[in-house]
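Novice: For reference, each letter of the sequence shown is one residue, going -23 to -1, 1 to 140 in mature numbering (1 follows the signal peptide of the UniProt record, and there is no 0).
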Amino acid sequence: MVLFRNVCIALSLLLVCVGGIHAAPLIHKCVAANGIASYQTLACARHDEQAWSREVSTAPASPATIPVVAGQAADSAIEEARPRDDAIRKSKRARATTRKEARRRPRLSGTAQAAVIPLNPKGATPACLAAQRKREATLARAGLTRSYAMLAKLDEDVHRACY
């Protein structure tokens, strides 16, 4: 028992020491038959074509390697971003217009609400309750031998008495 525990401790220490050493992951670009590209860490499927495979570093970049944008470069970056911002604003305006139209025309946009029809507008009249009891008793007697015609007639009787 002591030997087993010592072996487990030794293996744990070995795994802790070696655990920090690992190779950088490979990224594969796979192209399907229909031309859609996917980027993944697993090898490409048999029916996909591998365009390339690269090793990627997972270490965080140090602040010294991050380029500092200053002066004219910053202005050009802002100018490049401006058309994207305009496109985003236009799409938001278009969505707002669509929402307004949807409120005006709910049936056309598929957001209409169904009307709630009360089950018994006349109230629980004695004739209605008798027709419902008759339907339940007949269905209990018929069991699984009920037919569509029987169900339709019973429902029609209840409908006539209650509505």
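Ideal placement from N, C-alpha and C gives every residue a C-beta, glycine not left out.
1. Within its chain, find whatever has a CB closer than 6 Å to the CB of residue 104; leave out the 5 residues flanking it on each side and keep chain order.
2. Does residue 21 come out as helix, strand or coil in the three-state DSSP assignment?
3. To the nearest angstrom, report how far apart residue 10 and residue 28 are at their CA atoms.
4. Starting from residue 3, trace the beta strand (DSSP E) in both directions and tell me its first and last residue.
5. Nearest to residue 3 by CA position, among 30, 36, 15, 21, is which residue?
6. Taking its Cβ as the centre, do 16 or more other Cβ atoms sit within 10 Å of residue 33, making it buried, or is it exposed?
7. Using a Cβ-Cβ cut-off of 8 Å (strictly less than) and excluding sequence neighbours within five positions of residue 22, which residues of its own chain qualify?
8. Could you tell me the alpha carbon to alpha carbon distance between residue 20 and residue 121, rounded to whole angstroms?
9. Which same chain residues end up closer than 6 Å to residue 17 when comparing Cβ atoms and leaving out the 5 residues on each side of it in sequence?
10. Give the DSSP-derived three-state secondary structure of residue 138 in the structure shown.
Specialist: If we stick to the structure as given:
1. As a position in the sequence shown, residue 104 is number 127, starting the count at 1. If we look at residue 104 and ignore the five residues flanking it on each side, its Cβ neighbours are 138.
2. Sequence index remark: in the sequence shown, residue 21 carries index 44 (1-based). Coil, per DSSP.
3. Translated into positions along the sequence shown, residue 10 becomes position 33. Translated into positions along the sequence shown, residue 28 becomes position 51. Here the alpha carbon of residue 10 sits roughly 12 Å from the alpha carbon of residue 28.
4. Translated into positions along the sequence shown, residue 3 becomes position 26. Boundaries of the beta strand (DSSP E) harbouring residue 3: 3 to 8, taken from the DSSP string.
5. In the sequence shown, residue 3 corresponds to position 26, counting from 1. Measuring from the Cα of residue 3, the nearest candidate turns out to be 30.
6. As a working mapping, residue 33 is identified with position 56 in the sequence shown. Classification for residue 33: exposed.
7. The residue labelled residue 22 in the question sits at position 45 within the sequence shown. The answer, listed in chain order, is 7.
8. Locating residue 20 in the sequence shown gives position 43, counting from the first residue. Locating residue 121 in the sequence shown gives position 144, counting from the first residue. Straight across, the Cα-Cα distance linking residue 20 with residue 121 is about 57 Å.
9. The sequence position of residue 17 within the sequence shown is 40, counting from 1. Correct list, in chain order: 5.
10. On the sequence shown, position 161 is the one that residue 138 refers to. The three-state secondary structure of residue 138, taken from DSSP, is helix.
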